[in-house]
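Note sheet for the following structure.
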Amino acid sequence: MTFTLDKFLKFLPAAMFAMVCEFLMNLVDSAVCGHVLGEDALAAVNLMQPVLCLVEFLALLVGTGTSVLFAVESGRFDRRRASEYLTQGLWSALMVGGAALVALAVFREKAAEAFGVHGAVLEGVKEYWLWFLPCVVVEPVAFYLSCVCYADGDEKICILAYAVQLAANFAVSCALTMRLGIAGCAIGTAVGHILAISVLAFHFRKKTNSLRFAKHFSFADTLRICKCSMGEASSRLAQAALMLALNLYIVSRLGAEMLPVLAVVVAVLELAAVFDGVPRAMQPLASVYIGEKNDRLAMRILRYATAGSLATGILATVLLAVFPQIATAIVGMGDSALAAEAHKAVRIVSAGLAGTAVVALFNMYWTCLGKETLALALTAGAMLFAPLLLFPALGEMFGANGVWMAMALAPYAALGATAAFIAVKWGRKALPHFLSSERARKMRVYDTIVDEAAVCALSRKINRFLAVRRNLGGRKASIAALLAEETLLLVKDHNPGRRIRAEVTLDFSAKDTLYVTIRDDGEIFDITDADAKVSSLRSYLVSNLMENLPGRRNLTTTGFNRNAFKL
Amino acid sequence: MKVEAKQEGSKLTLSVSGRIDTVTAPAFEAELKFGDATQVVLDLAEVPYMSSAGLRLLLTAHKTMLASGGELLIANVQPSVREVLDITGFSGILNLV
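Those protein sequences? They're chains A and B, same order as listed.
Residues 0 to 566 (numbering that gives the first Met the number 0) make up the first sequence, in order.
Residues 0 to 96 (numbering that gives the first Met the number 0) make up the second sequence, in order.
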């Protein structure tokens with residue numbers, strides 16, 4: 000088990016849980032309104048979906064970019080820029096939320112009437128919309144906070160916040176909808192977001208918190224944040240546009256009776272958003288490794304995440320192929336003939352889920368790498384353009400089955416087209432990670448448990464490798480080995496009784512300079528502080544060692560200690 | 000890590016070879032027996048690496064010898080170990096020859 004895999008697996012359950020919660024959050028209002036108030040209220044809530052998508056898009060537009068840029072700057076040891084992005088992210092969340100609030104409040108009446116509905120449904124839309132307005136501001140802030148807390152390594156508080164948000168939304172919606180009608184659902188959503196913010200705020204009181212706000216405001220940084228988020232955020236808009244096109248095609252070519260089957264397919268596609276959990280688990284680690292130009296570890300985390308994405312995608316395909324009833328149960332399909340049609344559709348569409356998972360992964364990875372346009376092109380290709388090209392053609396040839404086949408093929412077609420584009424523009428060597436294998440070969444990574452025997456064995460390995468294989472001479476080899484032994488055993492002294500993992504990177508890609516980066520997941524403390532309290536001969540040696548190493552840096556990143564030394 | 004002892008009257012020479020780190024330090028400590036020697040020479044020519052665990056033993060041995068009226072001489076220190084002694088200021092405390 001490597002340090003990177005250990006951290007990835009630590010982030011993964013939280014990220015998957017978050018995505019499941021987001022999926023369920025989208026269902027709460029429909030489920031409560033449908034069961035408590037009936038079909039008119041359900042129709043009103045469903046008509047609000049484009050507005051809900053828009054607010055989700057705004058939240059993603061700010062949250063994703065902030066966490067990526069914050070982690071990349073932290074990876075570069077640029078604490079000031081990291082804090083500036085953190086601060087600007089909050090301003091941006093408030094600005095986009097505020098602007099959307101004004102726009103949605105001003106155009107509420109006219110836009111609701113533009114849906115073309117009347118009577119109880121129209122009244123329902125207007126009322127829901129009115130009470131939903133606070134969510135327009137609090138949702139981007141809640142999502143921003145969960146992203147930055149997650150990037151700071153506090154996955155536990157994110158899990159708690161999502162759980163509280165979901166439970167509060169459900170409980171308040173149930174309780175208030177019976178008394179206040181459809182407004183109760185909207186109030187439940189707002190209360191959920193506000194409670195999530197309250198829970199996430201506790202992160203800032205923790206000792207492990209490394210999020211520091213700065214006196215900073217810059218529109219240029221807001222644009223950078225939005226640009227960085229476009230790949231992921233646009234997936235919501237692409238999905239909304241595709242749904243609109245599919246609705247129109249199915250009604251005109253296959254008949255409105257096929258719309259419930261499409262609703263089941265949509266549920267499967269929305270369920271696929273859970274796959275975003277893998278890239279979200281990868282993102283904080285990948286951003287840091289990319290920021291510090293650690294190509295070897297960036298490749299490693301991408302390898303783990305690719306395996307994770309493929310595994311979840313294939314698992315979902317198998318699960319839905321064997322039990323397509325899961326999807327029909329979500330939308331409560333009762334008609335057996337339609338259900339049989341829907342089961343066939345689910346089996347066909349599920350074949351594309353592994354591709355969808357890989358698309359989500361590379362969307363995030365290329366965003367972390369600063370290739371936002373490529374990420375955006377891949378997402379738009381997989382979720383909009385490839386299906387738009389494929390489903391009319393295959394639909395004409397195979398009817399409804401052709402439409403579902405198009406949905407399954409689209410992610411693979413987009414991945415293939417993007418890979419071909421990369422190969423033509425940047426060469427095959429760039430595929431898929433854009434990192435230099437040559438540079439990665441000039442790095443060596445060691446993983447260890449922090450105990451005396453393992454650390455001394457590691458120190459011996461480093462000494463031998465540098466002195467014999469890299470011919471770096473006695474001094475540098477010896478100091479690097481000493482750094483590993485003394486700093487890691489000092490970490491052990493700071494964490495009595497705990498099992499600590501550590502990772503040491505030797506970067507000998509620069510001529511005449513050796514960079515040593517040491518990470519550990521123990522108690523947060525700055526080992527590079529030459530003025531730190533001396534309580535043992537070891538801490539005395541480390542303190543003196545630090546005074547003699549001017550090129551040393553420390554930055555807590557994604558919840559673990561990170562120390563870099565230049566020899 | 001190995002230690003070879005050579006006694007010449009009241010002079011004891013301990014020739015050490017190998018790394019002295021946290022794991023090997025207890026074995027080194029077990030070999031640091033001076034008997035009635037009044038002059039102990041620690042020959043570190045074959046010691047390429049020493050961590051704080053080794054430094055602690057050097058300091059303890061130095062103090063033991065001083066207390067018994069003898070002296071501890073550290074000989075043939077390799078540059079990589081010398082740097083550690085310089086960084087910690089131990090080269091000013093110990094008798095390096």
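The beta-carbon is built from N, C-alpha and C at its ideal position, and this holds for glycine as well.
None of the values given here were measured: they were computed from a predicted structure.
CB contact check: residue i to chain B, cutoff 8 Å
| i | result |
| --- | --- |
| arginine 498 of chain A | no |
| asparagine 362 of chain A | no |
| leucine 481 of chain A | yes |
| arginine 474 of chain A | yes |
| arginine 468 of chain A | no |
| arginine 537 of chain A | yes |
| asparagine 560 of chain A | no |
| glutamate 451 of chain A | yes |
| leucine 540 of chain A | yes |
| serine 477 of chain A | yes |
| leucine 566 of chain A | no |
Same chain, Cβ closer than 8 Å to residue i, neighbours up to 5 away in sequence not counted
| i | result |
| --- | --- |
| threonine 221 of chain A | Gln87, Trp90, Ser91, Met94 |
| alanine 239 of chain A | Gln48, Pro49, Cys52 |
| phenylalanine 201 of chain A | Ile156 |
| cysteine 20 of chain A | Tyr161, Ala162, Gln164, Leu165 |
| cysteine 134 of chain A | Val54, Ala185, Thr188, Ala189, His192 |
Buried versus exposed, by CB contacts within 10 Å (16 or more), residue i
| i | result |
| --- | --- |
| proline 410 of chain A | buried |
| leucine 318 of chain A | exposed |
| threonine 372 of chain A | exposed |
| glycine 34 of chain B | exposed |
| threonine 512 of chain A | exposed |
| asparagine 547 of chain A | exposed |
| isoleucine 313 of chain A | exposed |
| proline 49 of chain A | exposed |
| phenylalanine 169 of chain A | buried |
| serine 50 of chain B | buried |
| alanine 392 of chain A | exposed |
| glutamate 437 of chain A | exposed |
| leucine 430 of chain A | exposed |
| proline 549 of chain A | exposed |
| serine 217 of chain A | exposed |
| alanine 452 of chain A | exposed |
| isoleucine 92 of chain B | exposed |
| methionine 177 of chain A | exposed |
| leucine 457 of chain A | buried |
Interface flag, residue i vs chain A, CB-CB below 8 Å
| i | result |
| --- | --- |
| glutamate 82 of chain B | yes |
| serine 50 of chain B | yes |
| threonine 59 of chain B | no |
| threonine 63 of chain B | no |
| serine 90 of chain B | no |
| leucine 56 of chain B | no |
| threonine 87 of chain B | yes |
Sequence-distant residues of its chain with Cβ nearer than 7 Å to residue i (five each side left out)
| i | result |
| --- | --- |
| threonine 486 of chain A | Ile517, Ile526, Val541, Asn562 |
| valine 67 of chain A | Cys227, Gln282, Ser286, Thr366, Cys367 |
| phenylalanine 397 of chain A | Met404 |
| isoleucine 196 of chain A | Val137, Val140, Ala141, Leu144 |
| leucine 100 of chain A | Leu132, Val135, Val136 |
| aspartate 39 of chain A | Ala119, Val120, Gly123 |
| cysteine 225 of chain A | Leu60, Gly64 |
Secondary structure of residue i, DSSP reduced to three states
| i | result |
| --- | --- |
| serine 16 of chain B | strand |
| asparagine 462 of chain A | helix |
| leucine 159 of chain A | helix |
| arginine 252 of chain A | helix |
| lysine 565 of chain A | strand |
| methionine 47 of chain A | coil |
| phenylalanine 390 of chain A | helix |
| isoleucine 421 of chain A | helix |
| arginine 427 of chain A | helix |
| leucine 93 of chain B | coil |
| methionine 229 of chain A | helix |
Cβ shell of residue i (< 6 Å), same chain only, five flanking positions each side left out
| i | result |
| --- | --- |
| leucine 84 of chain B | Ser90 |
| threonine 611 of chain A | Nothing about residue 611 of chain A can be reported from this structure: the residues present for chain A run from 0 to 566 only. |
| serine 508 of chain A | Arg438, Lys441 |
| cysteine 148 of chain A | Ile156, Cys157, Leu199, His202 |
Below 8 Å between beta carbons is the criterion; list the residues of the segment 15-43 of chain B that meet it against any residue of chain A, in chain order. Taking 8 Å as the Cβ-Cβ cut-off against chain A, the residues of the segment 15-43 of chain B that qualify are Arg18, Asp20, Thr21, Val22, Thr23.
Interface residues of the segment 484-495 of chain A facing chain B [CB-CB below 8 Å]: Listed in sequence order: Glu484, Glu485, Leu488.
Taking Cβ-Cβ distances below 9 Å as the criterion, which residues of the segment 453-464 of chain A are in contact with chain B? Hits within the stretch, in order: Val454, Cys455, Ala456, Ser458, Arg459, Asn462.
The segment 501-530 of chain A: positions lying closer than 8 Å to chain B by Cβ: For chain B, none of the residues of the segment 501-530 of chain A brings a beta carbon within less than 8 Å of one of its beta carbons.
Of the residues that make up the segment 200-224 of chain A, which ones have a beta carbon closer than 8 Å to any beta carbon in chain B? Cβ contacts with chain B: none found.
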